[in-house]
Each structure stands twice: as structure tokens, then as C-alpha cells.
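**Q**
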Amino acid sequence: MVRIAFAVLLFAFVAGCGVPRIPGITPYKPEIQQGNYLSQEIVAQVKPGMTREQVRFLLGTPLLTDIFHADRWDYVYWREAENGKRETRKVALFFSENKLERIQGDIVSPAAGR
């Protein structure tokens, strides 16, 4: 009786360690997206001299704003597809006297320069 109880207990511990894989069936992995999606077309509409409100209307609320650097907005976009590929984009906008001065990052408007 003790051997049967021990065998059942051992089987329960081993079965709880992992999930058996069924060939041809994979678990669902949702696509994960973080931040503001910025395409080249959207960033091309942003021009130096635009106000903060105009930039916010085009690009949305910035993901990062620093209280020590109030004239800088950072837009970060990160996406992981179901197949595990990652796409990352970072764009920083710099303002001077509430007007857009320049853009730096992965996607830059041709009119803004570097």
C-alpha cells in the first residue's frame, strides 16, 4: 500500500513539472506591442517650428517626458510578433520656446534634419 501511494505521489510530482508537447499543436502567443507606433509617413508630417500641441496631435502623447529635460519628448515603440521577431523604434523630439527644434532617432523626417 505504501509503495502504491509513493508511486502515485511521485507520478503527480513528475507530471506537474512540465506540459507534454503535442506535435503540430502550439500554444497561442499574442503579439505584444508597447508604446506609440510611428511610421515614416507620420514622422514626415512633423516639421521644425510646429508647436507642442501640433506635434502631440500628429504623434500622440509621448511615452517618456523627463521633468529635468522638459524640452525633450521621447517616443519609444516596441513590438514582438508571434514568431519571436522584435521591432524597436526610438524617436526623440527637442523643443525650444515651445517650438519643435529638431528630431533624432530611428525614423527622422527629411525636413527636420539631424
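Counting in our numbering, the sequence shown runs from 6 upward without gaps. By construction, the Cβ of each residue, glycine as well, lies at the ideal position given by its N, Cα and C atoms.
#1: Should Ile72 go down as buried or exposed, given a rule of 16 or more other Cβ atoms within 10 Å for buried?
#2: Run the CB neighbour count on Arg119, radius 10 Å, all protein chains shown included, and call it buried at 16 or more, exposed below.
#3: For Val51, does the three-state DSSP call read helix, strand or coil?
#4: Here's the rule I'm using: 16 or more other beta-carbon atoms within 10 Å means buried, otherwise exposed. How should Ile9 be labelled?
#5: Take Ala86 and list the residues in its own chain whose beta-carbon comes closer than 6 Å to its own, dropping the five residues that flank it on each side.
#6: In three-state terms, what does DSSP make of Ala10?
**A** In this structure, then:
#1: Counting of Cβ neighbours within 10 angstroms places Ile72 among the exposed residues, the total staying below 16.
#2: For Arg119, the pLDDT reaches just 45, beneath the cut-off of 50, and the residue's location in the model is therefore unreliable, leaving the point undetermined.
#3: coil
#4: That one is exposed.
#5: Excluding residues within five positions, the ones whose Cβ falls inside 6 Å are Glu36.
#6: In the three-state scheme derived from DSSP, where H, G and I count as helix and E and B as strand, Ala10 is classed as helix.
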